[in-house]
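Student: In the numbering used here, the protein residues as written are 6 to 240.
C-beta atoms are modelled at their ideal positions from N, C-alpha and C, and glycine is treated no differently.
Here the structure is a predicted model, which is why all the values come from computation and not from measurement.
Please see the structure below; I have some questions.
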């Protein structure tokens, strides 16, 4: 599903990613961990095509040029709540925006689309606030709305950049259950996180980063050992 070959990226003449080689298979739940400034967010932005590497190759869906395949990718960035809190858009309308990449801006929504929204709202425990203005919700609820927006297009690749930051424990538990359900549908998931305690229960692959480089790639059982905890916590 994802392959990075000798990828390098610079930001304002500073090396942000160096010699990145990585493979993530279809239906894997891969998590990226590391200290602040280690290049985690930069890496997912390169995978999404938001940033172009200065050298190396990024291959998604077995293709280097995947611009036509962006409809298969959904990305939930950091700080999704940093939008205009006064903008008059409802929870339901926000989730429907996730269909724009497939349907365009000027096509009306079908009964099937509305049914799918209702299913997502129920799954995310948001049915009771579906008509409420997005800016009136708590941070955890807003995060769940944007995850719903990412899911409604039924992506083959779901990428989340620190989705649990600033959300309550209920929202966090719902998120992880949601990711497991998506994984069962053969969705490939890549998630940046600091939640090292949840990794052992959910991750298939753990990518440990420092200073723009991948230190090691391991499975969740290996990461739960003291050796890998020290790499993450102390560095």
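DSSP puts residue 95 in a beta bridge; with which residues?
Tutor: Per DSSP, 138.
Student: Just checking my contact of residue 63 with residue 22 at CB under 8 angstroms: how many whole Å lie between their CB atoms?
Tutor: Not a contact, Cβ separation roughly 11 angstroms.
Student: Quick check: residue 45 and residue 197, are their CB atoms within less than 7 angstroms of each other?
Tutor: In this structure, residue 197 lies closer than 7 angstroms to residue 45 by Cβ.
Student: If I follow the unbroken alpha helix (DSSP H) through residue 206, where does it start and stop?
Tutor: Its alpha helix (DSSP H) spans residues 201-207.
Student: In whole angstroms, what is the alpha-carbon distance linking residue 203 and residue 38?
Tutor: Each residue's alpha carbon lies about 12 angstroms from the other.
Student: What are the start and end residues of the alpha helix (DSSP H) that includes residue 151?
Tutor: That run of the alpha helix (DSSP H) goes 144-156.
Student: Which term fits residue 115, buried or exposed, when burial requires 16 or more other beta carbons within 10 angstroms of its beta carbon?
Tutor: By the 10 Å Cβ count, residue 115 comes out exposed.
Student: Tell me whether the segment 142-152 and the segment 174-184 touch, counting them as touching only if at least three CB pairs, one residue from each stretch, are closer than 8 angstroms.
Tutor: The segment 142-152 is in contact with the segment 174-184.
Student: Does DSSP put residue 117 in a helix, a strand or coil?
Tutor: Residue 117: helix per DSSP, three-state reduction.
Student: Beta strand (DSSP E) containing residue 13: first to last residue?
Tutor: Run containing residue 13: 7-16, per the beta strand (DSSP E) assignment.
Student: Would you call the CB atoms of residue 33 and residue 193 closer than 7 angstroms?
Tutor: Their beta carbons are under 7 angstroms apart, which means residue 33 touches residue 193 by this criterion.
Student: Compute the Euclidean distance between the alpha carbons of residue 47 and residue 57, then round it to the nearest angstrom.
Tutor: So the two alpha carbons sit approximately 10 angstroms from each other.
Student: Over the uninterrupted beta strand (DSSP E) stretch that includes residue 228, give me the two end residues.
Tutor: From DSSP, residue 228 is part of no beta strand (DSSP E) but of the alpha helix (DSSP H) over 225-228.
Student: Out of curiosity, what's the CA-to-CA distance linking residue 215 and residue 25?
Tutor: Residue 215 and residue 25: Cα-Cα distance of roughly 12 angstroms.
Student: Alpha carbon to alpha carbon, how far is residue 14 from residue 153? Give it in angstroms, no decimals.
Tutor: Looking at the two C-alpha atoms, the distance is approximately 31 angstroms.
Student: Please report how far the alpha carbon of residue 101 lies from the alpha carbon of residue 159, in whole angstroms.
Tutor: Taking the straight line from one Cα to the other gives about 12 angstroms.
Student: Please state whether the Cβ-Cβ distance between residue 166 and residue 49 is less than 7 angstroms.
Tutor: Cβ atoms of residue 166 and residue 49: closer than 7 angstroms.
Student: Tell me which residues share the same chain as residue 66 and place their Cβ nearer than 6 angstroms to its Cβ, disregarding the 5 neighbours each side in the sequence.
Tutor: 74.
Student: Find the nearest neighbour of residue 176 within the set 191, 142 and 188, judged by alpha-carbon distance.
Tutor: Among 191, 142 and 188, the Cα nearest to that of residue 176 belongs to 142.
Student: Which residues in the same chain as residue 93 place their Cβ atom closer than 8 angstroms to its Cβ, once the five residues preceding and following it in sequence are excluded?
Tutor: The residues are 138.
Student: Which of helix, strand or coil does DSSP assign to residue 31?
Tutor: Of the three classes helix, strand and coil, the one that applies to residue 31 here is coil, per DSSP.
Student: Check for me: the beta strand (DSSP E) holding residue 211 runs from which residue to which?
Tutor: Residue 211 -> beta strand (DSSP E) spans 210-215.
Student: On the three-state DSSP scale, how would you describe residue 186?
Tutor: Helix, per DSSP.
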